[in-house]
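Residue numbers (the working numbering), protein chains in the order written: chain D, 45 to 397; chain R, 45 to 397. All C-beta atoms in this analysis are idealised placements derived from N, C-alpha and C, irrespective of residue type, glycine included. As the structure is a computational prediction, the values presented were derived from the model and not from experiment.
Structure follows, in structure tokens:
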């Protein structure tokens, strides 16, 4: 399918209009999926587009006031699998809906991160944005985007936030974390440690809350020396185990805030000749490829990152296409979607007989 | 730094022109880094831009004939680390040069991959493209891009290709593969197996050629039963080892086409109770985080994917900015850069005393 006519000249929107017997404004409306076109007319236009192999360009789309067919994904996350899965989920939706994806990593702790996002949106004439933690949780970022009046969908950890008048995809890390620790307690573990992810990420906080809830619900106490500060990295798992082994009474189980940390903990356990799960049970979070490629395989929570991301992109594109100029908030159009990661039990916590 | 004036109105290119005492065409030329502007004048314009916190938008840039400030990265690769490193390398250069990045995965084996790329370039009004294998090695893709007259830089495996009149970043996989196998032979191995990556990827072919060259140079023969077809995945390494163990005389060393395959091979060796490196030496390729997180750590070839990608983006943006309308080919402007991955010896092949 080429966009050139047989005589080598580009097929234009006028060619399509002529063949369909409608005005070019109507063709433009069909291309932009505006609801004001009659189904019969739309069908005629689609047939003409197919027959001429016409490829709408940005200029044609702009005729109807639709600004752009690219969405942006703005993120700050060092976890390669998380990012790839996020991107793939968004890209799948983009492919289906005819959008392109601009990716833009930011340093969330930088003083001018909001300026950077502002400039990126302006320069790229984006139709909308998907945000993942921690940027999706920063009020300053939301303020800038609200000022620009650009649609955005946030992926957030947790079940309630202050700005829930904006569309969100919620990931219930806390419940999933609680299930993991519950599973460890059922296996008889009483000293269960927690190695946290990056500070300031809500996922870290939510997973820690789930860890504590599980302990308290089962009548165990929260021991501060078993809560280790870390970051979402393999190295953090290695370091975390080292400091836990220095304790007078080391834990018999460790819940690491994600699979990458858990892999590091497992690696360090091997270095120290500790049998997993015989002497130490280890669990991660995310169900990344990591979790299936370690030895033994990791118990984890299945967080369907690609589906979460695709849902966010779907919500965003729905908003862009159907309500570009409509304010959200009190209009009743706010979309909230919820994901509940599921417990996946593998050999790093439990060896079946 | 905001792009609004104190009175809430956007700073425009005309405000900058007025303050600098030049025409807005001149401001546009400075923004587009055209060489035709006198240094004094450019300096005045830059000062006015800084003073007004002016942020050039696409429209302003278009005034001077420069079409777009986004480049595209088109790829077909299942390896998360490779893609993340490629993206990060390109993004680093984009950040420095004021470009955005559109990512677009393709299925290289799809019949309409060239149409897809064509449409993507048209729709996104891209300034240029970076291509990685296998797309960078497909004549049909290059033909389409040549027809569009859009700048592109190819990352290719190997040292010579038919289309070397186009800018390329060459990665010398063959020599690096040869070094790995050489290292294994020095350790006394005589039956060394090869598990390949995806068919049709030149990297697979180049690494296999390097493997064979090392054997032949050291007076060993190439044994077809030791060359296993695979793909660039963990599972391929697991399967590869299984079929090698079925041989009457299994190999004592395995060179896997990348670290992901090698991790799978290592995993399967553990499943079968085989001591690594005592009974079996295993090496990968790429020096991905994988290679440092397995137990034992993997011998590999350090391929600086992010630097390779950054170099490709740098070459591309240089071309876009300095020679947008100049034909390459015979003009002497072709840029070729070479990368030589280096041998990294770790515990999966050699345990120091």
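Chain R within 7 angstroms of residue i, Cβ atoms only
| i | result |
| --- | --- |
| residue 201 of chain D | no |
| residue 278 of chain D | yes |
| residue 144 of chain D | yes |
| residue 155 of chain D | no |
| residue 72 of chain D | no |
| residue 168 of chain D | yes |
| residue 124 of chain D | yes |
| residue 108 of chain D | Interpretation of residue 108 of chain D is limited by its pLDDT of 36, a score under 50 that renders its predicted location unreliable; the figure taken from the coordinates is listed afterwards. Not one chain R Cβ lies under 7 angstroms of residue 108 of chain D. |
| residue 147 of chain D | yes |
Opening and closing residue of the alpha helix (DSSP H) in which residue i lies
| i | result |
| --- | --- |
| residue 255 of chain D | 246-261 |
| residue 366 of chain R | 349-366 |
| residue 71 of chain R | 68-75 |
| residue 96 of chain R | 83-96 |
| residue 63 of chain D | 57-64 |
Residue i at chain D interface by Cβ criterion, 7 angstroms
| i | result |
| --- | --- |
| residue 307 of chain R | yes |
| residue 314 of chain R | yes |
| residue 337 of chain R | yes |
| residue 128 of chain R | yes |
| residue 119 of chain R | no |
| residue 104 of chain R | Per-residue confidence for residue 104 of chain R stands at a pLDDT of 38, beneath the threshold of 50, marking its modelled position as unreliable; no derived number is given. |
| residue 375 of chain R | Here the model assigns residue 375 of chain R a pLDDT of 43, short of 50, so the residue's position is not dependable, and the following value carries that caveat. Chain D, which has no Cβ nearer than 7 angstroms to the Cβ of residue 375 of chain R, makes this no. |
Rounded distance between the beta-carbons of residue j and residue i, thought under 8 angstroms
| i | j | result |
| --- | --- | --- |
| residue 258 of chain D | residue 226 of chain D | 5 angstroms |
| residue 309 of chain R | residue 329 of chain R | No, residue 309 of chain R and residue 329 of chain R are not in contact; Cβ-Cβ is about 12 angstroms, not under 8 angstroms. |
| residue 138 of chain R | residue 357 of chain R | 6 angstroms |
| residue 146 of chain R | residue 131 of chain R | Their Cβ separation, rounded to whole angstroms, is 11 angstroms, which puts residue 146 of chain R and residue 131 of chain R out of contact at 8 angstroms. |
| residue 306 of chain R | residue 286 of chain R | Not confirmed; about 15 angstroms, so no contact. |
| residue 244 of chain R | residue 276 of chain R | Actually they are not in contact, since the Cβ atoms of residue 244 of chain R and residue 276 of chain R sit about 12 angstroms apart, beyond 8 angstroms. |
Own chain, CB closer than 6 angstroms to residue i, minus 5 neighbours either side, in chain order
| i | result |
| --- | --- |
| residue 250 of chain D | 201, 202, 217 and 218 |
| residue 246 of chain R | 177, 181, 201 and 202 |
| residue 271 of chain R | 238 |
| residue 222 of chain D | 254, 257 and 258 |
| residue 353 of chain R | 130, 133 and 134 |
| residue 385 of chain R | 220, 345, 346 and 347 |
| residue 391 of chain R | 340 and 341 |
| residue 381 of chain D | 213 and 355 |
| residue 89 of chain D | 64, 71 and 74 |
| residue 136 of chain R | 354 |
Beta-carbon contacts of residue i that lie in its chain and below 7 angstroms, excluding the five residues immediately before and after
| i | result |
| --- | --- |
| residue 179 of chain R | 118, 119, 120, 150, 152 and 185 |
| residue 190 of chain D | none |
| residue 233 of chain D | 296, 297 and 325 |
| residue 279 of chain R | 308 |
| residue 80 of chain R | 73 |
Opening and closing residue of the beta strand (DSSP E) in which residue i lies
| i | result |
| --- | --- |
| residue 386 of chain D | 386-388 |
| residue 117 of chain R | 114-119 |
| residue 381 of chain D | 380-383 |
Neighbourhood of residue i by C-beta, 8 angstroms cutoff - its chain only, sequence neighbours within 5 removed
| i | result |
| --- | --- |
| residue 91 of chain D | 64 |
| residue 281 of chain D | 239, 274, 300, 304, 305, 306, 307, 308, 309, 310, 311 and 312 |
| residue 333 of chain D | 125 |
| residue 267 of chain R | 235 |
| residue 60 of chain D | 68, 71, 89, 92, 93, 96 and 98 |
- Starting from the N-terminal side, write out each stretch of the beta strand (DSSP E) that is 3 residues or longer and does not extend beyond the stretch 283-348 of chain R. 297-300, 325-327 and 344-346
Ranges of the alpha helix (DSSP H) found wholly within the stretch 137-216 of chain R, counting only runs of at least 4: 157-168 and 183-192
Item checked: Members of the stretch 317-332 of chain R near chain A, C-beta cut-off 8 angstroms -> The structure shown contains no chain A; its protein chains are D and R.
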